[in-house]
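Everything on this sheet refers to the single structure shown next.
There are 2 protein chains.
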Amino acid sequence: MNVQAAQTWQGVQEEVLRRIHAREWKPGDLIPNEAELAKEFGCARTTVNRALRSLADGGLLERRRKAGTRVAAPPVAKATLNIAVIRHEVEDRGARYGYQLALREVRAAPTHISAALGVGVQERLLHVMALHLSNDAPYALEDRWINTLHVPGALGQDFRSVSANEWLLQNVPYTKGEIAFAAKPATAENAKHLNCPENSALLAVNRLTWDHDQSVTAVQVLFAPGHQMRTRI
Amino acid sequence: MNVQAAQTWQGVQEEVLRRIHAREWKPGDLIPNEAELAKEFGCARTTVNRALRSLADGGLLERRRKAGTRVAAPPVAKATLNIAVIRHEVEDRGARYGYQLALREVRAAPTHISAALGVGVQERLLHVMALHLSNDAPYALEDRWINTLHVPGALGQDFRSVSANEWLLQNVPYTKGEIAFAAKPATAENAKHLNCPENSALLAVNRLTWDHDQSVTAVQVLFAPGHQMRTRI
DNA sequence: CATGCTATTATGTATATACATAATACATGA
DNA sequence: TCATGTATTATGTATATACATAATAGCATG
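Residue numbers (the working numbering), protein chains in the order written: chain A, 1 to 233; chain B, 1001 to 1233.
Listed below in structure tokens is the structure:
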């Protein structure tokens, strides 16, 4: 018996992880049930449950009532990216943040935008473009449409000193959203703002947020060439 | 009193979420402590704890002992991307998966690779390039270096029918890793394989995995132009 | 033989209780 | 005043117990 004291759920989790990493329990394998593990580790079933549930949340285990718990196969890695306010992202890297409003207009949106936001094609929406700077160098270009039918308050903001990004987060709740990552070639306009050659490969993050069944905003953030989003798995 | 029965942790979570979305509790606000909420909801503190802990895991609440629980400010969205086996990714979209080995060689790696893998610059490593197809169209180009000092078994594989991607997941454990997303222009070679114009904007996913303190593999996956990675937040 | 009922089983959750731990506030002493 | 110790407090965790729920297997019935 190689177990003496794993009286904490972290301890149980560690030991289970070890067995998975050591291939004692291989991907696809059914592992002992909670009661057995509790007996083996000398702790309550609740504690084992906590440990296994946490691993299942992380994608390493798959659990089904009655069927039992098995090691996830194939091990799907879950990469969690923090989508923060751009100002914080810049400041966290120890750089000086800057902000420039590039455009603010109220007009009918392109069809793919009005469709995504679920509003009529001739509905006049608020369109804001802004440049985020890191140590005075272009960092990201934000291209945003705001559903003013749902967020009329946005019309009273000039977004000259506070970005739409931050204003919305502070003032408008959202309950769900979609996010998509893609690579896009820089248009002539993108290139001008980001101070890079036309057709440069840019990392694009598209977000669409909803407050219950009302769309709030559709935004595309284009990062300067070379930008990376990193995380651990 | 607008609360009668939230006897489940999901119920408590929903009500707390509702209050956050309704701005009854604003970002930065300290919310009542577990004991008070338990009394209000007519359930055990454990149940409230479960609900709040889950919300904190999701990044919506920030909790500190003694200090209490507050609504996260600014609301950092966590986007969780599933990094699956490419074959499954293709098949899940209902497409026919195809695989072509493009290159397999053993040689000294470029310095940035050997440095990332933490091996000597003149160490000969296994280099594999392969094309993943979706309905016979190029889907992704995999460019991989394997640390054969730690994974000698890879030298016995020809990777002609099973991708290195899948073989490694099935056979070599890893305990931690890094992942980075970026946009890159297609090189002439990339363009040839992916059947796209040179300098096309490609979404690049770079992964580096470790088994305890031994590097396993460094891989770059370049997706065909227009590819998106999506998730909900 | 197919269909539906039932028992069984493993996970999922709720509770009271107890104690652990971290962080703050307050008091105390040099 | 400053440092240090101490009490307080909110979250964190472990436990036994009980019951809920989903999925399966096996049985019974038409």
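Think of the CB as a built atom: it goes at the ideal place given N, C-alpha and C, for glycine as much as any other residue.
{"Asked": "Chain-ordered chain A contacts of B:P1074 [CB-CB under 9 Å]", "Found": "A84, V85, H88, E166, L169 and Q170"}
{"Asked": "Residue burial classification, A:R207 (beta-carbon count within 10 angstroms, cutoff 16)", "Found": "buried"}
{"Asked": "Alpha carbon of A:P27 to alpha carbon of A:N82, nearest angstrom", "Found": "29 Å"}
{"Asked": "Neighbourhood of A:H127 by C-beta, 6 Å cutoff - its chain only, sequence neighbours within 5 removed", "Found": "E105 and W145"}
{"Asked": "Cβ separation of B:L1052 and B:E1034, assumed to be a contact under 8 Å, to the nearest whole Å", "Found": "7 Å"}
{"Asked": "Bridge partner(s) assigned by DSSP for B:S1134", "Found": "B:Y1097 and B:A1137"}
{"Asked": "Helix, strand or coil at B:I1233 according to DSSP, with G and I counted as helix", "Found": "coil"}
{"Asked": "Short Cβ contact (8 Å threshold) for A:I31 with A:V71", "Found": "yes"}
{"Asked": "Alpha-carbon spacing of B:S1200 relative to B:A1164, whole angstroms", "Found": "26 Å"}
{"Asked": "Three-way DSSP call (helix, strand, coil) for A:A108 in this model", "Found": "strand"}
{"Asked": "Beta-carbon contacts of B:M1001 that lie in its chain and below 6 Å, excluding the five residues immediately before and after", "Found": "Note that B:M1001 scores 42 on pLDDT, short of 50, meaning its location in the model is unreliable; the coordinates nonetheless yield the value given after this. For B:M1001, where only same-chain residues beyond five positions count, there are no Cβ hits under 6 Å."}
{"Asked": "Entirely enclosed beta strand (DSSP E) segments - the segment 1053-1101 of chain B, minimum 3 residues", "Found": "1061-1064, 1068-1071 and 1077-1083"}
{"Asked": "Range of the contiguous beta strand (DSSP E) that encloses B:W1210", "Found": "A1201 to D1211"}
{"Asked": "A:H227: contacting residues in chain B (beta-carbon distance under 7 Å)", "Found": "A1182"}
{"Asked": "Interface partners of A:L52 on chain B, CB under 9 Å", "Found": "The contacting residues do not exist; A:L52 stays about 15 Å from chain B at best."}
{"Asked": "Endpoints, the alpha helix (DSSP H) within which B:G1177 is located", "Found": "Segment K1176 to P1185 is the beta strand (DSSP E) holding B:G1177; no alpha helix (DSSP H) there."}
{"Asked": "Contact set between B:H1021 and chain A, taken where Cβ atoms lie within less than 9 Å", "Found": "P173, Y174, T175, D211 and H212"}
{"Asked": "Per-residue burial, B:G1226 [other beta carbons within 10 Å of its own, 16 or more giving buried]", "Found": "exposed"}
{"Asked": "8 Å Cβ cutoff met for B:N1129 and A:A180", "Found": "It is worth fixing the name first, because residue 1129 of chain B is Met in this sequence and not Asn. No, they are not a contact pair."}
{"Asked": "Segment contact flag, the segment 202-220 of chain A with the segment 1142-1158 of chain B, C-beta cutoff 8 Å, min 3 pairs", "Found": "no"}
{"Asked": "B:I1031 - partner residues in DSSP beta bridges", "Found": "B:T1069"}
{"Asked": "Short CB-CB distance (under 8 Å) between A:V3 and chain B", "Found": "Note on A:V3: pLDDT 47, under 50, position unreliable in the model; the coordinate value appears next. It does not; no Cβ of chain B falls within 8 Å."}
{"Asked": "Nearest to B:Q1214 (by Cα), restricted to the options B:P1173, B:Q1220 and B:N1195", "Found": "B:P1173"}
{"Asked": "Short CB-CB distance (under 8 Å) between A:T187 and chain B", "Found": "no"}
{"Asked": "heavy atom of the ligand MN below 7 Å from B:L1052 C-beta", "Found": "Although the ligand MN was asked about, the structure shown includes no ligands whatsoever."}
{"Asked": "Any chain B beta carbon closer than 8 Å to A:E14", "Found": "no"}
{"Asked": "Distance between A:C43 and A:E134 (C-alpha atoms, nearest Å)", "Found": "Checking the displayed sequence, the identity of residue 134 of chain A turns out to be Ser instead of Glu. Their Cα atoms are separated by approximately 52 Å."}
{"Asked": "Beta-carbon spacing of B:V1234, A:A84 below 8 Å", "Found": "No information on residue 1234 of chain B is available, as it lies outside the stretch 1001 to 1233 that chain B covers here."}
{"Asked": "B:L1117 at chain A interface by Cβ criterion, 8 Å", "Found": "no"}
{"Asked": "The alpha helix (DSSP H) enclosing A:Q170, as first and last residue numbers", "Found": "A164 to N171"}
{"Asked": "Enclosing alpha helix (DSSP H) for A:V22 [first to last residue]", "Found": "What sits at residue 22 of chain A in the sequence shown is Ala, not Val. First-last for A:A22: undefined, no H or E at that position."}
{"Asked": "Proximal chain B residues relative to A:N199, where beta-carbon distance stays under 7 Å", "Found": "N1199"}
{"Asked": "Close Cβ partners of B:Q1013 (< 7 Å) along its chain, the five nearest in sequence each way excluded", "Found": "A1051, S1054 and L1055"}
{"Asked": "Nonlocal neighbours in the same chain, by C-beta distance under 8 Å from A:G177, ignoring five residues either side", "Found": "R207, L208, T209 and W210"}
{"Asked": "Distance, B:L1141 Cα to B:A1224 Cα", "Found": "8 Å"}
{"Asked": "Alpha-carbon spacing of B:E1198 relative to B:V1016, whole angstroms", "Found": "51 Å"}
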